[in-house]
Amino acid sequence: MDNNPYAPPAADPGVVTPPPPQTEGGMTLTEAEALRRRHLTHEARLQAFGSLTLLWGIYLILGPPMILLGLFLFLTASFLEGSVEQPLVLAALLVVSGLLFVGLGALGTRAGRGLRRLDPQHRGLYAVFAAVWLLSFSAPALLGLWAIYLLHSSAGKTLLSPAYQEALRLTPHIQSERSLGSWLGFTLVLGILPLAMSLAVAP
110 MDNNPYAPPA
120 ADPGVVTPPP
130 PQTEGGMTLT
140 EAEALRRRHL
150 THEARLQAFG
160 SLTLLWGIYL
170 ILGPPMILLG
180 LFLFLTASFL
190 EGSVEQPLVL
200 AALLVVSGLL
210 FVGLGALGTR
220 AGRGLRRLDP
230 QHRGLYAVFA
240 AVWLLSFSAP
250 ALLGLWAIYL
260 LHSSAGKTLL
270 SPAYQEALRL
280 TPHIQSERSL
290 GSWLGFTLVL
300 GILPLAMSLA
310 VAP
């Protein structure tokens, strides 16, 4: 052992603080938390649109069975009265329309569930439903315009990216924050949407 009093002091081999853990993509937990906190408001808004899309899809799926029930009662009454030809044409049109509505509703539920998870794999599907709402020329048109902004803004593109999915995986302790206004708006739409859809399909 060197006891030279003029030798420089040896470095203290104390506990070395390890660097922050990194994921395969190179994102640290600190970076993931910062990314989430910067986008919590936009995240809540996108998820709210996902909830509305999911609700809309459920309405489309549940609506045709009720129409078919009414059609069955109508056809039964027509057969009893002896009129057959015109009710059959109407039945065919309603069945085809019902199948289209059910298919669109299934896609809507898929888009809504994906958007609530901020899944980037269905970005095209989200945009299609936002455009459908925008082109409805009814009350949901404003929601479609709002949704297009949410999806195509810089924050929306960040949220619907694989990097943000990694941030979500690393930060399950951070939850989206919804304001009182967001909840009131969602409740209002929840009540208005069935009425708007009924008026849209009314003759």
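So the sequence shown is numbered by the numbering used here: it starts at 110 and just counts up by one.
Where is the CB? At the ideal position from N, CA and C, for every residue including glycine.
Nearest to residue i by CA position, among the options, is which residue?
i: residue 158; options: 210, 270 and 226; result: 226
i: residue 215; options: 164, 280, 273 and 139; result: 164
i: residue 140; options: 284, 285 and 279; result: 279
i: residue 229; options: 151, 265, 147 and 185; result: 265
i: residue 232; options: 255, 245, 261 and 143; result: 261
i: residue 167; options: 219, 236 and 224; result: 219
With residue i and residue j assumed to form a contact (beta carbons below 8 Å), what rounded beta-carbon distance in angstroms separates them?
i: residue 162; j: residue 221; result: 4 Å
i: residue 146; j: residue 276; result: In fact, because the Cβ distance is near 10 Å, the residues do not count as touching under 8 Å.
i: residue 284; j: residue 224; result: With 8 Å as the limit, residue 284 and residue 224 do not qualify as a contact, their Cβ atoms being about 17 Å apart.
Tell me the DSSP secondary structure of residue i in three-state form.
i: residue 137; result: strand
i: residue 243; result: helix
i: residue 266; result: helix
i: residue 257; result: helix
i: residue 333; result: Lying before the first or after the last residue shown, residue 333 is absent from the chain, which here runs from 110 to 312.
i: residue 226; result: coil
i: residue 274; result: helix
i: residue 156; result: helix
i: residue 151; result: helix
i: residue 185; result: helix
i: residue 285; result: coil
i: residue 280; result: coil
Leaving out five residues on either side along the sequence, give the residues of the same chain with a beta carbon under 7 Å from the beta carbon of residue i.
i: residue 239; result: 253, 256, 257 and 260
i: residue 243; result: 250, 253, 254 and 257
i: residue 269; result: 227, 229 and 232
i: residue 142; result: 280 and 283
Going along the chain, which residues of its own chain have a beta-carbon closer than 8 Å to the beta-carbon of residue i, five neighbours each way excluded?
i: residue 151; result: 259, 262, 264, 265 and 268
i: residue 236; result: 257, 260 and 261
i: residue 148; result: 264, 267, 268 and 273
i: residue 241; result: 253
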